[in-house]
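Chains A and B, in that order, are what the protein sequence lines are.
To convert a position in the first sequence, counted from 1, into my numbering, add 411.
To convert a position in the second sequence, counted from 1, into my numbering, add 262.
Cβ coordinates follow ideal geometry from the N, Cα and C atoms, glycine included.
It should be emphasised that the depicted structure is a prediction, and the values quoted were computed from it without experimental measurement.
Notes follow once the structure below has been shown.
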Amino acid sequence: MGIETTPALARRAMLAAGAALLAAPTVRAQGAPIKVGLVAVLTGPQAALGTQLRDGWTLGLRHLENRLGGRPVETIVIDDELRPDVAVTKVRAALERDRVDFVVGVVFSNILQAIMRPVTEANTFLISTNAGPSTFAGRGCNPFFFTTSYNNDQVHSVMGQAAQDAGYRRVFLLTPNYQAGRDAMAGFKSRFQGQVVDEVYVPLTHVDFSAELARIAALRPDAIFTFMPGGLGVNLVRQYRQAGLQNIPFLSTFTVDEATLPAQGEAALGFFSGANWAPDMENEQNRRFVRDMEAQFNYIPATYAAQSYDAAMLLDSAVRRVGGNLADRNALRQAIAAADFRSVRGAFRFGVNQYPVQDFWLCQVVRRPDGRFQTQTVRRVLEANVDPWAGECRMPGRV
Amino acid sequence: MNTTLLLVQVLNGLQFGILLFLVAAGLTLVFGVMDFINLAHGVQYMIGAYLGATLAALTGSFWLGLLLALPAALLFGLLLELLVFRHLYERDHLSQVLATFGVILFLNQGVKAVFGAAPLQMPVPEALSGGVRIMEGLLYPAYRLAILAAGLATAALLWVLVERTRVGMLVRAGASNAPMLSALGVDVRRLFMAVFGFGAMLAGFAGVMAAPILSVEPGMGDNLLILAFVVIVIGGIGSIRGAFIAALIVGLVETIGRSMMPDLMRLFLDASAARQTGAALASMLVYIVMAAILAFRPAGLFPVRT
Numbered sequence: 412m413g414i415e416t417t418p419a420l421a422r423r424a425m426l427a428a429g430a431a432l433l434a435a436p437t438v439r440a441q442g443a444p445i446k447v448g449l450v451a452v453l454t455g456p457q458a459a460l461g462t463q464l465r466d467g468w469t470l471g472l473r474h475l476e477n478r479l480g481g482r483p484v485e486t487i488v489i490d491d492e493l494r495p496d497v498a499v500t501k502v503r504a505a506l507e508r509d510r511v512d513f514v515v516g517v518v519f520s521n522i523l524q525a526i527m528r529p530v531t532e533a534n535t536f537l538i539s540t541n542a543g544p545s546t547f548a549g550r551g552c553n554p555f556f557f558t559t560s561y562n563n564d565q566v567h568s569v570m571g572q573a574a575q576d577a578g579y580r581r582v583f584l585l586t587p588n589y590q591a592g593r594d595a596m597a598g599f600k601s602r603f604q605g606q607v608v609d610e611v612y613v614p615l616t617h618v619d620f621s622a623e624l625a626r627i628a629a630l631r632p633d634a635i636f637t638f639m640p641g642g643l644g645v646n647l648v649r650q651y652r653q654a655g656l657q658n659i660p661f662l663s664t665f666t667v668d669e670a671t672l673p674a675q676g677e678a679a680l681g682f683f684s685g686a687n688w689a690p691d692m693e694n695e696q697n698r699r700f701v702r703d704m705e706a707q708f709n710y711i712p713a714t715y716a717a718q719s720y721d722a723a724m725l726l727d728s729a730v731r732r733v734g735g736n737l738a739d740r741n742a743l744r745q746a747i748a749a750a751d752f753r754s755v756r757g758a759f760r761f762g763v764n765q766y767p768v769q770d771f772w773l774c775q776v777v778r779r780p781d782g783r784f785q786t787q788t789v790r791r792v793l794e795a796n797v798d799p800w801a802g803e804c805r806m807p808g809r810v
Numbered sequence: 263m264n265t266t267l268l269l270v271q272v273l274n275g276l277q278f279g280i281l282l283f284l285v286a287a288g289l290t291l292v293f294g295v296m297d298f299i300n301l302a303h304g305v306q307y308m309i310g311a312y313l314g315a316t317l318a319a320l321t322g323s324f325w326l327g328l329l330l331a332l333p334a335a336l337l338f339g340l341l342l343e344l345l346v347f348r349h350l351y352e353r354d355h356l357s358q359v360l361a362t363f364g365v366i367l368f369l370n371q372g373v374k375a376v377f378g379a380a381p382l383q384m385p386v387p388e389a390l391s392g393g394v395r396i397m398e399g400l401l402y403p404a405y406r407l408a409i410l411a412a413g414l415a416t417a418a419l420l421w422v423l424v425e426r427t428r429v430g431m432l433v434r435a436g437a438s439n440a441p442m443l444s445a446l447g448v449d450v451r452r453l454f455m456a457v458f459g460f461g462a463m464l465a466g467f468a469g470v471m472a473a474p475i476l477s478v479e480p481g482m483g484d485n486l487l488i489l490a491f492v493v494i495v496i497g498g499i500g501s502i503r504g505a506f507i508a509a510l511i512v513g514l515v516e517t518i519g520r521s522m523m524p525d526l527m528r529l530f531l532d533a534s535a536a537r538q539t540g541a542a543l544a545s546m547l548v549y550i551v552m553a554a555i556l557a558f559r560p561a562g563l564f565p566v567r568t
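Written as structure tokens, this is what we have:
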């Protein structure tokens, strides 16, 4: 049941299509939407983090009236399923079929590592809003890669410094037995000079911490440091409290945050965490962000959402600076690197490796007047901190 | 490592074993009696935890939540049986594995769609919120003692049901030779349905009991399911007694292995290498023990079919 076409008609159609193709770049520069591929894990056990990341971006665009630098935006949401192969396939499709102008997001470092080459080799800017592995901060730094989060090592070293400042002499370390867990211990030890009484690794699928808790009780350290993301952290925090160990200070990274606090509740009260942002930060941008996140999505945002929100503001400022013209990659890169926007964490700028140079805070879990739990800044631990890898980065001046 | 710590670790191991037994009991019944591989047993445990957490939040009481979650888990199990599993009994094991794996994916996403991806919490009941001081600076939560008691009570109840009642006799007969039982005029379908519903309820019970100490989240049953399979294979498929003994063995090996392996390795290796190899070896230990037991008793410790 095909449509009958005469040769002449077909030729005319071809010519019209050709003309449309030629005209396309100018049309895009004027009114066509900017396309952004947003990569987040939205299924499986870690989906809560990806959901935060996506919602933070969504709120950012809503505050910008769905425009980046005056041009309308179309977001293509990509669920990476926390599987690198899936992420690469879907991101390739977004680059080649949808012709996205930016790729934004990514919760986990292994996903970022997988999509790094496909995106940057297509001369497309990749803005990580959470994953910040050391691989791309030092020798592997890339002109097409920016992150609005941090370098992973920094967050762990914040807790090492905090333990040092607090005068703890004997600390017990507990992390899952995989690369990020070993990095966490190394990061902590890079600034902690006291004695590490024991280092314990547990499987990523661990559920019952009673054996480890008995060991902690037997060693009686001044404090423990742990990195237990997601459900692992929920189990550990609740069992730690139930075992009556809360008198031993609980220092952690990515273990008590707004994504897990609804399930940890009272058990996490008073526990410490290291972060570059917390919901209570006092500035105009942040108050609006937290208030509207709660109103729109009915939960308190965590860093995943805050860093995504910042990415929306960052791209808005960059597109505005180049007058909506994304074709000149060098100009666009300079515009992003200028970071001419108001971050929810206050001061924000990019270092030479295009990772943020920012303050890091010691945070503590508190109960708000309305009964919900959130983290709150206690004190600034590191000021305008540059990650330890930046010195190794030889960033090319032009692309 | 001193004796007190070792005793505490033994207690921890027993308690983890009991929790495993609660999950494995239903699995071994369904696998043994019906010769049906139900990978979805882990999600039934998850459903139990979600039902318990939701109903406890709605009623404001742990006990009411537990009481209501049990029939709800039973009904849910029967519904799954009616819709999916019933059509698989005649098929080979591969079809069962594929179909029940599909059920896992479907239900894991299902609970995420209904309850959201963030973990839920179920509070420890007021009466059991205290703890017993078992060593300097360490409380043993009363709730964990309650899990121990509940597990032992379940084991005793199952033993009476299986060994001392008429239904139990049919279940044992079904486990050793289902076609013969059918030929003797027993409605095997109905028996299967009852066993399956009961197994689902046991898994749900385990889920509710675990909810106050573990995080209630999508996929929470998947990790436990693997250990539950290890338990029923060691114990002998279909044997409640075997599942009980094997669950305690696995719980003890898991816990003691994890706490002692790194120290043991330190005899041969330097500290940092010992920690990592110790941790890696400890997570393999359960499977090594399984392989060793199967080498001597290929049908498990208490084989049902001879």
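Among the bridge pairs identified by DSSP, A/E485 is matched with A/K446. Against chain B, the beta carbon of A/V645 has neighbours under 7 Å at P381 and S477, listed in chain order. Just measuring C-alpha positions, the residue of B/L400, B/V285, B/L510 and B/G540 sitting nearest B/F491 is B/V285.
In the same chain as A/R550, and ignoring 5 residues on each side of it, the C-beta atoms closer than 6 Å to its own belong to E803, in chain order. Judged by DSSP secondary structure, B/V512 falls within the alpha helix (DSSP H) whose first and last residues are I502 to M527. Residue contact with chain B for A/Y612: present (Cβ-Cβ distance below 8 Å to some residue of chain B). Looking at the DSSP output, A/Q775 shares a beta bridge with A/F683 and A/Q787. With respect to chain A, the C-beta atom of B/R520 has a partner C-beta closer than 8 Å.
Here DSSP, grouped into helix, strand and coil, assigns A/T558 to strand. Under the Cβ distance rule, A/V618 counts among the residues neighbouring chain B, one pair being separated by less than 8 Å.
Contacts between B/S545 and chain A, judged by CB atoms closer than 8 Å, involve N588 and P614 in chain order. Chain-ordered listing is empty here: chain B has no CB closer than 9 Å to the CB of A/G735, the nearest sitting near 36 Å. If you check the CB distance, B/V305 and B/I366 come in under 8 Å. Here B/H355 is exposed, its C-beta having fewer than 16 other C-beta atoms within 10 Å. At a cut-off of 8 Å, the C-beta of A/A458 has a neighbouring C-beta in chain B. Between B/I299 and B/V359, the C-beta spacing is below 8 Å. At the C-beta level, B/V386 and B/Y402 stay beyond 8 Å of one another.
Contact of B/F324 with chain A is not assigned, every C-beta pair being separated by 8 Å or more. When secondary structure is reduced to three states using DSSP, A/F761 falls in the strand class. Contact residues of the region 478 to 502 of chain B toward chain A are V478, E479, P480, G481, M482, D484, N485, L486 and I488 (C-beta to C-beta distance below 9 Å). Distance from the CA of B/I309 to the CA of B/L332, rounded to the nearest whole angstrom, comes to 11 Å.
Judged by DSSP in its simplified three-state form, A/S520 adopts helix. The region 489 to 501 of chain A makes no contact with the region 728 to 748 of chain A; the number of CB pairs closer than 8 Å stays below 3. Chain order gives the chain B residues near A/Q650 as I475, where near means a beta carbon separation below 7 Å.
Where A/S663 is concerned, the enclosing beta strand (DSSP E) starts and stops at F661 to S663.
Annotation: Cβ neighbours of A/A654 in chain B (cutoff 7 Å, chain order): L400, L401 and P403. Counting only Cβ-Cβ distances below 9 Å, B/Q306 has no contacts in chain A at all, with the closest Cβ about 17 Å away. Around the beta carbon of B/G497, 16 or more other beta carbons sit within 10 angstroms, so the residue counts as buried.
Residues of the region 765 to 787 of chain A with a C-beta atom less than 7 Å from some C-beta of chain B do not occur. Excluding the 5 residues flanking it on each side, A/P640 has same chain C-beta neighbours closer than 6 Å at F665, in chain order. A/G642 and A/D668 have their C-alpha atoms some 12 Å from each other.
The C-beta of B/A331 comes no closer than 8 Å to any C-beta of chain A. Note on geometry: alpha-carbon atoms of A/V792 and A/A597 lie some 18 Å from one another. Contact of B/L267 with chain A is assigned, a C-beta pair being separated by under 8 Å. Runs of the alpha helix (DSSP H) spanning 4 or more residues and lying entirely within the region 614 to 642 of chain A occur at 621 to 630, in chain order.
Assigned with DSSP and collapsed to three states, A/S754 falls in strand.
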